[in-house]
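This report refers to the structure that appears directly beneath it.
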Amino acid sequence: MKKNKTYIIAEVGTNHNGSLKTALKYVDKLATTGVDAVKFQIADFKEVYSDKLFAPDYQKKLLVKSNFEKIVKARLLSYEDHKKIYKRCLKKNVDYLCSAFDLRSLKFISKNMKLRYYKIPSSEIYSIDLLKYISKKKKKIILSTGMSNISDIRETIKVLNQNFKKDISILHCVSDYPVDINKIHMDFMPKIKKVFNFHFGYSDHSNLILPCIVAVSMGAKIIEKHVTFNTNSPGADHKASISVKDFSEMVRQIRQIEKIKGANKKTMTIGEKSNLKSARKSIFINKNLKKGHILKYSDFNFKKPGTGINPMIYKRIINKKTKIKIQKDSILKLADIN
């Protein structure tokens with residue numbers, strides 16, 4: 001990750017509604033926004049769900065004309081579809097990222113795609129089989145933390161680090177769809193760094209761009225944001241997503257924030273240097289002085305411009321003798337005193 005550069009992930013998730021054609025269109029369009037990665041989700045239905053499957057509250061309104069199992073299956077892409085998406089991402093010069101929801105799918109993307117990160121979604125923070133598999137790999141990890149507390153996060157990291165310490169980025173996340181801005185509590189995000197000493201970021205489920213802008217201004221190194229072609233489309237996450245147009249604007253604003261934040265050091269610009277002498281003050285003489293006059297503080301005024309002696313060193317000037325007569329309101333010069 002480049003210094004002072006936010007890694008921005010466009011989370012398509014299942015907003016393709018099971019269409020490979022639509023998924024590829026997302027890659028093509030999002031690649032033009034300046035995003036770093038386009039992320040999808042992969043799952044083998046039989047590996048993930050039992051016959052006790054039920055819909056979360058925010059998806060129950062989708063059940064008017066169909067049962068939940070049918071809806072879930074309809075929005076899944078095949079493994080071969082994911083290979084094609086991965087190749088399109090390579091072609092468009094964006095990272096392909098994918099959240100795997102079962103071990104078989106995780107092994108598939110690990111074997112067939114050159115992944116920059118393993119992305120662990122919030123729902124899988126206790127999936128011990130996935131965590132153990134990832135713990136053996138020397139690859140960076142992005143961990144989302146919706147529906148969890150510090151203890152949950154600590155236990156997950158313990159498993160991930162059981163073979164060797166990992167490079168983990170932890171994303172603050174609230175798994176409401178869409179999340180109320182009063183429930184985001186972004187001030188928790190820096191605590192992640194304090195408690196775990198890993199990079200932190202933010203995975204957003206609001207339908208606004210502002211939370212991501214705030215997160216970057218607070219030091220988030222990774223932003224994950226749901227995006228859709230149509231916020232009114234049927235499907236699980238469209239209402240918690242923003243349009244591609246708004247996503248592009250979000251990326252633009254984040255890149256502006258990076259420029260504004262700059263480096264963590266104080267530097268003087270060329271413009272400041274050119275303004276310095278005009279803006280600062282020098283030591284001036286406030287009365288007519290004879291040659292040989294012994295300078296006192298009461299002889300001084302401090303006025304602009306700053307082309308003469310710095311007022312901060314006035315003590316070095318006191319008790320010095322003047323070499324020449326000095327007119328009132330003249331700027332004092334070192335050459336005029338002994």
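Counting from 1, one number per residue, gives the positions in the sequence shown under my numbering. All C-beta atoms, glycine included, are put in the ideal place defined by N, C-alpha and C.
Assuming residue i and residue j are in contact, meaning their beta carbons sit under 8 Å apart, how far apart are those beta carbons, in whole angstroms?
i, j, result
"Leu143", "Ile170", "5 Å"
"Ile345", "Val227", "Residue 345 lies beyond the residue range present for the chain, which begins at 1 and ends at 338; the question has no answer from this structure."
"Thr6", "Glu258", "6 Å"
"Ser175", "Met147", "5 Å"
"Asp81", "Asp44", "13 Å between Cβ atoms; not a contact."
"Ser127", "Gln41", "So it is not a contact: roughly 14 Å between Cβ atoms."
If you drop the 5 nearest sequence neighbours on each side, which residues of the same chain put their C-beta closer than 7 Å to that of residue i?
i, result
"Gln327", "Asn288"
"Ile324", "Lys291 and Asp336"
"Asp246", "Ile209"
"Ile168", "Ile141, Leu143, Ile157, Leu160 and Phe198"
"Met113", "Tyr86 and Tyr96"
"Asn319", "Ile294 and Leu295"
"Leu20", "Leu77, Asp81 and Lys84"
According to DSSP, simplified to helix, strand and coil, what is residue i?
i, result
"Ile260", "helix"
"Leu332", "coil"
"Leu24", "helix"
"Ile285", "strand"
"Ile213", "helix"
"Ile141", "strand"
"His238", "helix"
"Asn301", "strand"
"Gly18", "coil"
"His226", "strand"
"Ile309", "coil"
"Lys136", "coil"
"Gly271", "helix"
"Ser110", "helix"
"Lys65", "Its pLDDT being 46, under 50, Lys65 is placed unreliably in this model, and the value from its coordinates should be taken loosely. Note: Lys65 maps to coil in three-state DSSP."
"Gln253", "helix"
Take the Cβ of residue i as the centre, count every other Cβ of all protein chains shown within 10 Å, and call the residue buried at 16 or more, exposed below.
i, result
"Met268", "exposed"
"Arg88", "buried"
"Asn15", "buried"
"Val195", "exposed"
"Tyr26", "buried"
"Ile9", "buried"
"Ile11", "What sits at residue 11 in the sequence shown is Glu, not Ile. Buried is the call here."
"Gly235", "buried"
"Phe329", "For the record, residue 329 in the displayed sequence is Asp; it is not Phe. Label assigned to Asp329: exposed."
"Gly201", "buried"
"Arg154", "exposed"
In chain order, what residues of the same chain have a beta carbon less than 8 Å from the beta carbon of residue i, not counting five sequence neighbours either side?
i, result
"Lys65", "Note on Lys65: pLDDT 46, under 50, position unreliable in the model; the coordinate value appears next. So the list is empty, once near-sequence residues are dropped."
"Lys107", "Tyr133"
"Lys137", "Ser110 and Tyr118"
"Asn163", "Ser135 and Lys136"
"Thr231", "Asn207, His238, Lys239, Ser241, Ile242 and Ser243"
So is residue i in contact with chain C if we call contact Cβ pairs under 8 Å?
i, result
"Lys73", "Included in the structure is just one protein chain, with no chain C present."
Go through its chain and collect everything with a Cβ distance to residue i's Cβ below 6 Å, but skip five positions before and after it.
i, result
"Gly34", "Val251"
"Lys315", "none"
- [ ] Evaluate contact between the stretch 179-194 and the stretch 203-220, counting only Cβ atoms and requiring at least three cross-stretch pairs below 8 Å.
- [x] yes
Task: Touch test, the stretch 301-313 against the stretch 241-258, Cβ-Cβ under 8 Å, three pairs minimum - done: no
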